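Right, one structure below, let's go through it.
Protein chains in written order, with our numbering: chain X, 2 to 135; chain D, 201 to 602.
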């Protein structure tokens, strides 16, 4: 892990991408921002544009329509950009594996080695996400 | 030109698909002239997962887990509708009373957290983040209760054809009662905050009005229709689970604007708390599973009132251990067209909250149309079939001179 990446991980600005999931993980990601968990106390902020982001939080199983957009979003992000797979679907397509709508798991879709962390669970608890970010 | 005002040009403002305000991908195209929205178009499909097709490869019990993952928020309403469809297919299974009460408790806990979630998001859409933080803070105890009773914060995996998968531990009930009483006070506080706030009145009252006629014409469901004065609630109209055994009211409002939709949802939270209290107090002892041995050939329909409206599941069986057809009709798909009636003529600033006021859930809504590019044939979707059948009816009426 380079110094830059290590520095980024101290207070990552994150952009949230939902790409063919069930919304469960997305709600838990938002839950991290609210008073009970409040990840902003660790310096992690949800930002409005991928160009401001240090990390992409990806949920969902990558369907045909969103996979292309995800690649495009990753291309637009300033590098180095960490990619964090949240939930069973993003980690390995989860329960939707084998569906006609799904293309590839996240780590095969993006360049090798880009996905930095996998947070499994269906959906993962906010505590798990905070542990994964830290 | 005779007058000096420049001609208004129409421009398109896309919202989405990955927009910071939305937690789900969807694309709205707002056609605007100046500040006024003149048309709205929605594009979906970023969340399409092919669940109906996947269901055909799974056994009757496994489908329940798949169906839960249609939506992370309505993760009990869909399974309840599905298992009722399977029970219907079996010719009416006698589901144990205790299982019906447990289903009701979980479904109402889900409604409670979903409505609080929406209230928070509505505040967020208005730029009023205090409401966002409050709503989501008060939602946490509900998720804690869910976790204690079922083992997970979302996706409870409690429902199975013929009953429920797990029993509730009665020793937990006193603490649940206590926390729900606290929550009731907090929800009342939230209702007070919304009804007293002049800013919210100014932002929400009189905008995005869905009249009663429009609500009926567009087949609006759930809180959207109830806010317009249509008392459509499948829990009351066609009771399932234990809804006919407890005392509760269908909340309706008259005006159909965003303010009424908010109030209906907040008041429904109080009704949900009332239902859970009664169910926990009156929960009968006994079995929790009717133990369905096999599903005979046939078809079945089940329904449930999700937090967003009525959801209907249809299954067809050929006697094997998996459905040969599974159809889902989710509430947002019916509520989304009401945006045509509500958002047109409003200003861009109000458009986001009006679009959000139906509590859209795109995970439930996703459909796909497959086009075979080689032979230029379009595979028909359900909508096309409805259109064809309507055209046929019109043609027949004309031919018969009716």
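Beta carbons: idealized from backbone N, C-alpha and C, even for Gly.
This one's a predicted model, so the numbers in the text were calculated from it and none came from an experiment.
Asked	Found
Across which residues does DSSP place residue 363 of chain D in a beta bridge pair?	D/360, D/489
Rounded to the nearest angstrom, what separates residue 202 of chain D and residue 325 of chain D at their Cα positions?	The pLDDT assigned to residue 202 of chain D is 48, lower than 50, so where the model puts this residue is not dependable; a value taken from the coordinates is nonetheless given after this. If you take the alpha carbons of residue 202 of chain D and residue 325 of chain D, they lie about 42 Å apart.
Find the nearest neighbour of residue 65 of chain X within the set X/104, X/115, X/3, judged by alpha-carbon distance.	X/104
So that I know if they touch, is there some Cβ in chain X lying closer than 8 Å to that of residue 469 of chain D?	no
Pick helix, strand or coil for residue 97 of chain X, following the three-state DSSP scheme.	helix
Do three or more CB pairs link the region 233 to 246 of chain D to the region 505 to 514 of chain D at distances below 8 Å?	no
Here's the rule I'm using: 16 or more other beta-carbon atoms within 10 Å means buried, otherwise exposed. How should residue 538 of chain D be labelled?	buried
For the pair the region 209 to 222 of chain D and the region 519 to 533 of chain D, tell me if three or more CB-CB distances fall below 8 Å.	no
In the DSSP output, what is residue 265 of chain D paired with across the bridge?	Answer is none; residue 265 of chain D lacks a bridge partner.
Within the chosen definition, does the region 416 to 425 of chain D reach the region 345 to 363 of chain D through at least 3 CB pairs nearer than 8 Å?	no
Does the Cβ-Cβ distance between residue 430 of chain D and residue 451 of chain D come in under 8 Å?	no
Can you grab the Cα-Cα spacing for the pair residue 336 of chain D / residue 386 of chain D, in whole Å?	12 Å
Please identify the residue among D/251, D/589, D/564, D/598 whose C-alpha is closest to the C-alpha of residue 647 of chain D.	In the structure displayed, chain D extends from 201 to 602; residue 647 of chain D sits before or after that span and is not available.
Going by DSSP, name the residue or residues bridged to residue 525 of chain D.	D/516
Give me the Cα-Cα distance between residue 456 of chain D and residue 12 of chain X, rounded to the nearest whole angstrom.	44 Å
Quick one: residues in its chain with C-beta nearer than 7 Å to the C-beta of residue 498 of chain D, no 5 flanking neighbours on either side, listed in chain order?	289, 517
Roughly how many whole angstroms lie between the Cα atoms of residue 40 of chain X and residue 286 of chain D?	43 Å
Residue 340 of chain D touches chain X at which residues, Cβ-Cβ below 7 Å?	37
I'd like to know if the region 302 to 322 of chain D and the region 535 to 549 of chain D are in contact, where contact means that at least 3 CB-CB pairs between them fall below 8 Å.	no
Taking buried to mean at least 16 other C-beta atoms within 10 Å of its own C-beta, is residue 438 of chain D buried or exposed?	exposed
With DSSP collapsed to three states, give me the class of residue 64 of chain X.	strand
Do the region 369 to 377 of chain D and the region 60 to 76 of chain X make contact, defined as three or more Cβ pairs closer than 8 Å?	no
Can you say whether residue 101 of chain X is buried or exposed, counting buried as having 16 or more other CB atoms within 10 angstroms of its CB?	exposed
When you compare the CB of residue 124 of chain X with every CB in chain D, is at least one pair closer than 8 Å?	yes
By the 10 Å Cβ neighbour count, where 16 or more other Cβ atoms means buried, how is residue 24 of chain X classified, buried or exposed?	buried
Might you give, ordered along the chain, the residues of its own chain that have their beta carbon closer than 7 Å to the beta carbon of residue 490 of chain D, omitting 5 neighbours on each side?	293, 294, 295, 296, 362, 363
From what residue to what residue does the alpha helix (DSSP H) around residue 331 of chain D run?	329 to 350
Can you grab the Cα-Cα spacing for the pair residue 61 of chain X / residue 50 of chain X, in whole Å?	19 Å
Check each candidate in D/328, D/265, D/453 and name the one with the smallest Cα separation from residue 399 of chain D.	D/328
Assign residue 201 of chain D to one of three DSSP states: helix, strand, or coil.	Any reading at residue 201 of chain D must be qualified, since the residue scores a pLDDT of 44, below 50, and its modelled position is unreliable; the value itself is stated next. In this structure, residue 201 of chain D counts as coil in the three-state DSSP scheme.
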